[in-house]
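Worksheet: one structure, shown below.
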Amino acid sequence: MIEQKQSQLANIELWKQWKEEGWVPAKQSLIESYLPLVDYVSSRLAIGLPKSVSKEDLSSFGVMGLIDAVEKFDYARGLQFETYASWRIRGSIIDGLRQGDWVPRSVREKAKKVEDAYQKLEQQYLRSVTDAEISAYLQVSETDFQQMLQDISITTVCSIDDPIREEDSETRLSLLVDEKAKNPEFQVNEFYLKDSLAKAIERLTEKERTVVSLFYFEELSLSEIAEVMCLSPSRISQLHSKAILRLKGVLGRFKNQLFQDS
Numbered sequence: 001m002i003e004q005k006q007s008q009l010a011n012i013e014l015w016k017q018w019k020e021e022g023w024v025p026a027k028q029s030l031i032e033s034y035l036p037l038v039d040y041v042s043s044r045l046a047i048g049l050p051k052s053v054s055k056e057d058l059s060s061f062g063v064m065g066l067i068d069a070v071e072k073f074d075y076a077r078g079l080q081f082e083t084y085a086s087w088r089i090r091g092s093i094i095d096g097l098r099q100g101d102w103v104p105r106s107v108r109e110k111a112k113k114v115e116d117a118y119q120k121l122e123q124q125y126l127r128s129v130t131d132a133e134i135s136a137y138l139q140v141s142e143t144d145f146q147q148m149l150q151d152i153s154i155t156t157v158c159s160i161d162d163p164i165r166e167e168d169s170e171t172r173l174s175l176l177v178d179e180k181a182k183n184p185e186f187q188v189n190e191f192y193l194k195d196s197l198a199k200a201i202e203r204l205t206e207k208e209r210t211v212v213s214l215f216y217f218e219e220l221s222l223s224e225i226a227e228v229m230c231l232s233p234s235r236i237s238q239l240h241s242k243a244i245l246r247l248k249g250v251l252g253r254f255k256n257q258l259f260q261d262s
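Right, here's the structure in full:
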């Protein structure tokens, strides 16, 4: 955190030169100074992706996201550029991969079926359902279900540039607004969303909660988490997929309730 603040302060003059004076060399210097962010984000996303996806492709997509972030970032708001840019880089990489049709339609259909199964069964039982229950619902063996999780592990990432609803132009990024600008309706919805997510996380198994915590809060890679938990990387990938699909199910119910009430 201290290093990030020092980096922000060190670059403040470059931000002023670029944003206030439009000096292109300053923009180029900013991009070069934040290039390590691209390597960091692309390395994390590379875990679990097919071997056919090259690190060079990920970096190329990421650089485009970094450039976009530098062009759109408002340094005067006092926000952390590294956080904002990381989201932009991640979104750019995922969007680039999707445009390259990196996930077969059959795999996306599997992911949708599993997500729907978690949503329906956990709403029905009001608890975290077991692999056996999901397998029975999907009419597959538990071994086949584990293979499904492995197959769809590469789909459990999302871009904040994705629309919230397919028919809308509003994206997840549009919800990342200034805290001071929130209206009452937004605050109420956000409260219930956080409450729903907190309850959903409580329903995760202990191992799933640990994976989510280490990956999203401690920012460890899946391979590093595997070492910490003494499990194989493929097992960690499965736990991550199950956790995300459970949480997506909760968000799906929240979205349906939100739009029904609106």
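Position 85 of the sequence shown, counting from 1, maps to 85 under UniProt numbering, and the rest follow consecutively. For glycine and all other residues, C-beta sits at the position ideal for the given N, C-alpha and C.
In the displayed model, tyrosine 216 falls within a helix according to three-state DSSP. Less than 8 angstroms divides the Cβ of serine 241 from the Cβ of leucine 149. Three or more Cβ pairs drawn from the region 92-99 and the region 29-45 lie within less than 8 angstroms of each other, which places the two stretches in contact. Straight through space, the alpha carbons of valine 129 and arginine 209 are spaced by roughly 15 angstroms. Sixteen is the threshold: since fewer than 16 other Cβ atoms of the shown chains lie within 10 Å of the Cβ of glutamate 56, the residue is exposed. Rounded to whole angstroms, methionine 229 and aspartate 151 show a C-alpha spacing of 22 angstroms.
Only residues of its own chain outside the window of five on either side were considered, and among them Leu66, Ile67, Val70 have a CB closer than 7 angstroms to the CB of isoleucine 31, listed in chain order. Between leucine 245 and glutamate 115, the CB-CB gap stays under 8 angstroms. Comparing C-alpha distances from valine 140 to each of Ser153, Lys72, Ala117 shows the shortest one belongs to Ala117.
In the structure shown, the three-state DSSP call for tryptophan 23 is coil.
Here leucine 126 is exposed, its C-beta having fewer than 16 other C-beta atoms within 10 Å. Under the three-state reduction of DSSP output, proline 36 falls in the helix class. Taken through DSSP and simplified to helix, strand or coil, glycine 91 comes out as helix.
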